[in-house]
Structure formats: structure tokens, C-alpha cells
Amino acid sequence: MTALMIINMRNILSVIMLGGIYSLISAILFVVLDAVDVAFTEAAVGAGISTVLFLSAFAITGKHHDLKRRNHFPALLAVLVMGAGLMYSTLDMPAWGDAEAPVHQHVAPRYLEDSYAEVGVPNIVTSVLASYRGFDTLGEVTVVFTALIAVLLLLGAIREDEDQS
Amino acid sequence: MKKNPILRETSHVLIPVILLFALYVQFHGDYGPGGGFQAGVIFASGIILYVLLHGIKKTEKIISLQTTKLLAALGLLIYCAVGVAGMLLGGLFLEYNVLAADPVAGQHWGILFIELGVGITVASVILAVFYAFAKFEK
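For the record, the sequence lines run as chains A and B. Here the first sequence is numbered in our numbering, starting from 3 and rising by one per residue. Here the second sequence is numbered in our numbering, starting from 4 and rising by one per residue.
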């Protein structure tokens, strides 16, 4: 519903605000699905930080945007075909909450059974992220750091600091 | 900020609580939901709230763009240092079992330090990106 509103909006400020609300609704959805860690991240990053960053980017670029209502029939067709294909492929997925689904047969049982003895951390999400997949998390932190370097280079904040000193 | 007494006073009550909650999420991530990433975001959002209310110049006296850049690198360095420490103590890169006498205690130390590194990097990167946007002049 919120997503439909976003598509129909022509004012960027309202789109940003609705984007925040959309993230908050997704966070609630994640809580319903018992994924509290993901919900936490979605609420903090999606609803909080990205809204603020969008607003500050909006403050830089200003209100000069030229949006004309045009109908892109090829685009609509592509989206419809893609959506129909995705929906058709869900028919092959295992039933919702099925304990025999392939995703529950791979490494998940091992984590659930052995992680407390091996890592000693009650929150299995933390033990998987920080211990079993520590290398992945190192990569994620590096990506975040690289993003900072890219933003600073693009916005010229590094050069500005050198001029002052 | 003299015009908005309600906003100012509410923020004075809220910001310490937000920062404290960030630290709670950081160090309680082993037991409840959360961890370094979420804690960093919450910590940065507390400081961003301060920027929104008091302006960027006043905030930069407390924590400058230069500091956030250094802290972002420091967090990543802590993470890598934990990995290298495991190697020096005879294990593999990022193997925590060798960090203490007991493997489980070693895992605790490893997770604590890498989550600290993640938290520092994420908080300072978000703050630095926000500074870069806020200070940008056309």
C-alpha cells in the first residue's frame, strides 16, 4: 500500500517520508516472522539513517526536479512479465514453515545444536555472524569503510580539510 | 535553537538514553538481538539528532570529521587485528578458539572485539557520511 503511494507521489519530500514508513512496516513484518535482528537493522538503518541521508542529499540537490507523467508501456510489460515469472516460480517452493525444506537441512541444524557448546553465545544470530562467518562480516565492514571513502571522494570533503590545515 | 524549547529539552533527555541504548545493544548482542552493526547505527543516530538540533559547527567541536575518519579506519583495524592475533597464537585467521585458554572463552573475547570494531566503524562511517552531506557546498 505504502509502496503504491510512493509510486504515485510526485513530491520527493513525501516520497522520502513514505520510504521511512515503508521501512518501519517491513521491520514490523520481520518481527512477526521472528527475525528480530533483521527487524532491528531495518528499523535503525531503513527508517532512521537512510531517511536522514536522503533528506540531506535532497537539501544539496534542491527542489529542481523535472518530473513529467509519462507512460512507459515497455517498462510496464517487463515488470509484469518478471513479476508473473517470479510468482510462477514460488509454486515450486516448499510449503511455508515446512521443517523438511532444503534450507533447514543444510548447516542450520548444526548451528542450532552445536553453537552453544562451541561458541557459548545464546544468540545464535550473533554466533553465526561473528564467529562461523567472521570472514563474511569482515568483508561487510570493509564494504562500509569503502563506501565512506567513495562518499568523501565524491563530495570533496577530503580536499576541503586539507585546505583548512 | 532558542526558538524551540520543547525540541531542545526533549533532545537533552533523549540523546543520553539513545547513546546508552546503543552501548547496551553493542555489549548485550550476545544475549539479545543486536550487535555491532545495529549499535553503531543507533549511536550515530543519537549524534545526528544532536547535529539536527544544534548545528554542525557545535557538534564538530565534540567529534570532528577528521576524528570520524580515523575511527572508521580504527574499527576495521581492530577487526583485522583480532584475526591476526589468532594467527600469531597458532590458529587460523579469525580463529577465536586460541585467543584464551578455554576455546569458549576465546570465542567470547573474539566476538566481543570484532563487534567492537564493527560498532566503531559503522558509527563513524555513518556520521562521516552525514557530515560530508551536511557540509557540502554547491
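We put the CB at the ideal spot given by N, CA and C, even for glycine.
| Check | Outcome |
| --- | --- |
| Using DSSP with H/G/I as helix, E/B as strand and the rest coil, what is R135(A)? | coil |
| Using a 10 Å radius around the Cβ and a threshold of 16 neighbouring Cβ atoms, would you call D105(B) buried or exposed? | exposed |
| Any Cβ of chain A within less than 8 Å of the Cβ of E124(B)? | Inspection of the sequence shows that residue 124(B) is occupied by Thr rather than by Glu. Yes, contact with chain A. |
| For the segment 63 to 86 of chain B, which residues have a CB atom closer than 8 Å to at least one CB atom of chain A, in sequence order? | L68, Q69, K72, A75, A76, G78, L79, Y82, C83 and G86 |
| So L20(A) is in the alpha helix (DSSP H); what residue range does that whole segment cover? | I14 to V34 |
| Cβ closer than 9 Å: which chain A residues qualify as neighbours of I51(B)? | G50, I51 and V54 |
| Whose Cβ in chain A lies nearer than 9 Å to the Cβ of A131(B)? | L150, V153, L154 and A159 |
| Three or more C-beta pairs under 8 Å: does that hold for the segment 121 to 141 of chain B against the segment 67 to 78 of chain B? | yes |
| Suppose you measure from the CA of G89(B) to the CA of D94(A); what does that come to, to the nearest Å? | 44 Å |
| Are the C-beta of L114(A) and some C-beta of chain B separated by less than 8 Å? | no |
| Closest by CA to G35(B), which one among L31(A), F32(A), V38(A) and V34(A)? | V38(A) |
| Measure from the alpha carbon of A110(A) to the alpha carbon of each residue in S129(A), A97(A) and P96(A), then state which is nearest. | S129(A) |
| Pair every Cβ in the segment 124 to 132 of chain B with every Cβ in the segment 75 to 88 of chain B, then say whether three or more of these pairs are closer than 8 Å. | yes |
| Could you check the C-alpha separation between G37(B) and S133(A) for me, to the nearest Å? | 15 Å |
| Quick check on Y27(B) - is its C-beta less than 8 Å from some C-beta in chain A? | no |
| Just to check my reading of the structure: G21(A) and F56(A) have Cβ atoms closer than 8 Å, yes? What is that Cβ distance to the nearest angstrom? | 7 Å |
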